[in-house]
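Below, the structure written as structure tokens:
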């Protein structure tokens, strides 16, 4: 008999579909004393990395500069039998300058502000990049679940 954990695991296609529906991502970093620091951000996926932007002086960035280990979580559901989500453990890369910052900022703006044209996306991204950084998380471990598969 298969384990229940295996029964609820999502396929890559199911994970992609869930992430297309999600707007928010929970981000966990480690404070100086090792305590978890949990926040919520908007995100985008790009070339295998989970991207989000945040202020360069935010506590989560301070934490990631000290210890790049990070966990992110995207989930949905309001009842137990409807819960589904994906949790990723990885290492954060902080992009804080240059053309790559602008390129990735545009990806995030485009995903989270639908309907903008390329010029408006570029303008918003340039404004955000003045005080913000992009964080790229490359997954090292992915855990997923879809309790709808239990019925």
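In this note's numbering, the protein residues as written are 2 to 152. Heads up, the beta-carbon is just placed ideally off N, CA and C, and yes, glycines get one too.
*Put residue 84 into one of helix, strand or coil per three-state DSSP.*
The three-state reading of DSSP puts residue 84 in coil, since its state is none of H, G, I, E or B.
*Below 8 Å on the Cβ atoms is my guess for residue 4 versus residue 57; work out the distance and round it to an integer in Å.*
No, residue 4 and residue 57 are not in contact; Cβ-Cβ is about 43 Å, not under 8 Å.
_Presumed contact (8 Å Cβ cut-off) between residue 78 and residue 139, rounded CB distance_ = The beta-carbon distance between residue 78 and residue 139, rounded to whole angstroms, is 27 Å. This is too long to meet the 8 Å contact definition.
*Delimiting residues of the beta strand (DSSP E) encompassing residue 105*: DSSP places residue 105 outside any beta strand (DSSP E); the residue lies instead in the alpha helix (DSSP H), whose first and last residues are 99-113.
*What three-state label does DSSP hand residue 22 in the structure shown?*
Judged by DSSP in its simplified three-state form, residue 22 adopts helix.
_Bridge partners - residue 31, DSSP secondary structure assignment_ = Per the DSSP secondary-structure output, residue 31 pairs in a beta bridge with 37.
*In this structure, does DSSP put residue 142 in helix, strand or coil?*
In this structure, residue 142 counts as strand in the three-state DSSP scheme.
*Less than 8 Å between the CB atoms is what I'm expecting for residue 151 and residue 9, so what's the real figure, rounded?*
Residue 151 to residue 9, Cβ: 6 Å. Contact.
*Between which two residues does the beta strand (DSSP E) harbouring residue 50 extend?*
Its beta strand (DSSP E) spans residues 50-56.
*Under 8 Å by Cβ, that's how I've got residue 71 and residue 65 pegged, so tell me the actual separation to the nearest angstrom.*
The pair is a contact, with the Cβ atoms about 6 Å apart (cut-off 8 Å).
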